[in-house]
Every structure is written in C-alpha cells, then in structure tokens.
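Asker: Sequences listed follow chains A and B, in order.
If you're matching positions, the first sequence starts at 149 in our numbering and goes up one per residue.
If you're matching positions, the second sequence starts at 422 in our numbering and goes up one per residue.
Questions regarding the structure given below will be posed in turn.
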Amino acid sequence: MICCREVVESLFDFVSGELPLELCQRIEGHLKVCSHCVCIVETYQVTIKLSRQLPKNDSLPRSCAQRLRTTIERAMKAGG
Amino acid sequence: MDAPQPTRVDVPASVEEVFHDYAPRIYNLAYRMLSNEADAEDVTQDVLLQLVRNLDTFRGESAFPTWLHRVTVNAALAHRRKRASHEQHRVYDPLDSFLEDGSHAAPVRNWFVQPERDALDRETRTLIDQAIAQLPEIYRDVYVLADVEGLPNADIADILGLSLSAVKSRLHRARLLMRNALAPHFEEVPA
C-alpha cells in the first residue's frame, strides 16, 4: 500500500489532475483510511485558494507613491 | 540585460494613467519577491521608467501583461543580485519530514478557513504575506508567480529560465512550506 510520504510527494499532480489513473486510484484508496493525508490534501488546496485571493493591486505606501509619481512626471516631461 | 519589448498596450496618455494602471501591480509583485519596501520601490521605479521610455514602441497584439511580469521579475532578480542577498544556506525540504515508514511525523489537523466563502480579511492577508516572505527565495519566486499572480507554469519557466519540471518541483515544495507555515494559525482546535 502507498505510504503518506508518497501521497504528499504526488500531491502536486494529484490536485491538478495530472496523475496516471492507477496512481490516482492508489492515492484515493489511501485517503479512505488516512485522515491525516485527507487533511493534507484539503489544506494544500486551501493554501492555494487563499494565496490566489491576495490582492495584486493594493495601493502603494503614501510616501513611496509620491516619490514614484514625481520621478515618472519628470521622466515623461523629459520625453521618457 | 535588455528588457524584452512589449507588443501591445493601451498606451497610457498621462502620468496619472501610468501610475494608476501599473504602479500597484508592479509594486505588489516586487514586494512579494523581495520582502522589502525600499527594494520594491526601487524596482517599481525602474520598471515604470522602462514603461515610460517604451511607450512609443507598444504596438501589436497582446502580451503586455507577460511583458510587465517579465520586466518586473528581471528587475527584482537583478536587484537581489546587486544586494547579494540571495541565500547560500541549505534549503529545507518539506518532504524530509516523515518517519522511516513513510507516515506523518506529527498529527495533521483540518483548518477552519473557507476560502470559497470568506473574503480575505486584513489579518489573514498579513499572515499569508508573512508566510510568503519566509519562503526561501528559490521557492518564493515560483510561488508568487504561480499562486499569487496566476501565471501558467510554462510562462514561469520561461521568465525564470527554469525547466518546467523544476518549476513544478519548486512550486510543490513552496506550497507545502506555505501550508506548514499557515497551519498553526488555521488549524481546528482538537475537541
């Protein structure tokens, strides 16, 4: 039977659906009897979802924004 | 190294437009890669200046977001090299933490957070950003590009000059390290 370490090693391909069917079935069999691995699979996926929810356009710190604005204004006035 | 040329953008007409449309995206990516506000500001300035200087050359079809990612990542990596801050010590492998028989070395508990239902509050965002900042650089770069920025693995391989299998391997370890870092904050308390 597949061990926990092998499940975790294969997790990347397992959650992205890229595992060969036979290995996928062995992992699913392991998950029926190992609550720790079930938790790892679920929390691995939650980690990805949480990170994808991070804002990518958070506003800049105010002083930083002012300095950058001034630099860009100068560069544009100078014609780039 | 010369920056690759973008092939299309809705050319920003004003400082305000350049700033509003691009500065936060560049800054957030640079900050997450470098974990330092002053370094992120330097990189943002560098990339915005490249953007302004290249405004006249932006023509064609698509690829501007890729160009922006590539130029920002290149600038951040160059900044890191200049600071000689890249880590030389051995990087911890999360796959090493199993018992000899291949079972878990410690109990694994479920989490109470529900990302599908809950928007990220400020505290959770801070926890995740702190965990990202603690990742070793070789894992942090792929993690930020894949799981924060949402780039395809093939694009990340191209931008970072890695093989696709190296990207997948690093991303898997980064995810495990992120999971391990967040677990103490999100685990359900045993009854």
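Note that the Cβ used here is the ideal one computed from N, Cα and C, for glycine as well.
Using the beta-carbon count (16 or more within 10 Å), is arginine 600 (chain B) buried or exposed?
Answerer: Position 179 of the second sequence, counting from 1, holds the residue named residue 600 (chain B). Buried is the call here.
Asker: Taking 6 Å as the limit between beta carbons, can you name the residues of its chain near alanine 461 (chain B), skipping five residues before and five after?
Answerer: As a first step, residue 461 (chain B) is located in the second sequence; it is residue number 40 there, counting from the start. Answer for alanine 461 (chain B): Tyr448, Ala451, Tyr452, Leu455, listed in chain order.
Asker: State yes or no: is the C-beta of alanine 552 (chain B) within less than 9 Å of the C-beta of alanine 496 (chain B)?
Answerer: Residue 552 (chain B) sits at position 131 when you count from the first residue of the second sequence. Residue 496 (chain B) sits at position 75 when you count from the first residue of the second sequence. Result no, Cβ atoms of alanine 552 (chain B) and alanine 496 (chain B) do not sit closer than 9 Å.
Asker: Quick one: what's phenylalanine 485 (chain B) bridged to in DSSP?
Answerer: On the second sequence, position 64 is the one that residue 485 (chain B) refers to. DSSP, once it has assigned bridges, lists no residue as partnering phenylalanine 485 (chain B).
Asker: Which chain B residues sit within Cβ distance under 7 Å of histidine 184 (chain A)?
Answerer: Along the first sequence, one-based indexing puts residue 184 (chain A) at 36. Under the 7 Å cutoff, chain B gives His525, Pro528, Val529.
Asker: I need the DSSP call for arginine 480 (chain B), collapsed to helix, strand or coil.
Answerer: As a first step, residue 480 (chain B) must be located in the second sequence, where it is residue number 59. With a pLDDT of 48 at arginine 480 (chain B), under the threshold of 50, the predicted position of this residue should be treated as unreliable, though the coordinate-derived value follows. Coil at arginine 480 (chain B), not helix or strand.
Asker: Roughly how many whole angstroms lie between the Cα atoms of arginine 474 (chain B) and arginine 222 (chain A)?
Answerer: Sequence index remark: in the second sequence, residue 474 (chain B) carries index 53 (1-based). Sequence index remark: in the first sequence, residue 222 (chain A) carries index 74 (1-based). One C-alpha to the other measures close to 12 Å.
Asker: For proline 573 (chain B) and isoleucine 549 (chain B), what's the separation of their Cα atoms in angstroms?
Answerer: The residue given as residue 573 (chain B) occupies position 152 in the second sequence. The residue given as residue 549 (chain B) occupies position 128 in the second sequence. Roughly 21 Å between the two C-alpha positions.
Asker: Compute the beta-carbon to beta-carbon distance between valine 563 (chain B) and arginine 591 (chain B), rounded to the nearest angstrom, for a pair I have assumed lies under 8 Å.
Answerer: Looking up residue 563 (chain B) in the second sequence gives position 142. Looking up residue 591 (chain B) in the second sequence gives position 170. With 8 Å as the limit, valine 563 (chain B) and arginine 591 (chain B) qualify as a contact, their Cβ atoms being about 5 Å apart.
Asker: Within 10 angstroms of the Cβ of serine 524 (chain B), are there 16 or more other Cβ atoms? Answer buried if so, exposed if not.
Answerer: Within the second sequence, numbered from 1, the residue matching residue 524 (chain B) stands at position 103. The residue in question, serine 524 (chain B), is exposed, as its Cβ has fewer than 16 Cβ neighbours within 10 Å.
Asker: Smallest Cα separation from alanine 595 (chain B): which of B:Pro536, B:Asp576, B:Arg561, B:Asn457?
Answerer: Here residue 595 (chain B) corresponds to residue number 174 of the second sequence, with the count starting at 1. Per the Cα distances, B:Arg561.
Asker: For glutamate 420 (chain B), tell me which candidate among B:Leu469, B:Asn531, B:Val494, B:Asp463 has the shortest Cα-Cα distance.
Answerer: Missing from the structure shown is residue 420 (chain B); chain B here goes from 422 to 612 and no further.
Asker: Rounded to a whole number of angstroms, what is the C-alpha to C-alpha distance between glutamine 555 (chain B) and proline 445 (chain B)?
Answerer: As a first step, residue 555 (chain B) is located in the second sequence; it is residue number 134 there, counting from the start. As a first step, residue 445 (chain B) is located in the second sequence; it is residue number 24 there, counting from the start. Going by the C-alpha atoms only, they are around 22 Å apart.
Asker: Can you pull the chain B residues whose beta carbon is under 8 Å from the beta carbon of glutamine 201 (chain A), in chain order?
Answerer: What you label residue 201 (chain A) is simply residue 53 of the first sequence in a count that begins at 1. Here the neighbours are Pro536, Ala540, Leu541.
Asker: Taking the CB atoms as reference points, tell me whether leucine 598 (chain B) and proline 515 (chain B) lie closer together than 9 Å.
Answerer: As a working note, residue 598 (chain B) is residue 177 in the second sequence. As a working note, residue 515 (chain B) is residue 94 in the second sequence. In this structure, proline 515 (chain B) lies closer than 9 Å to leucine 598 (chain B) by Cβ.
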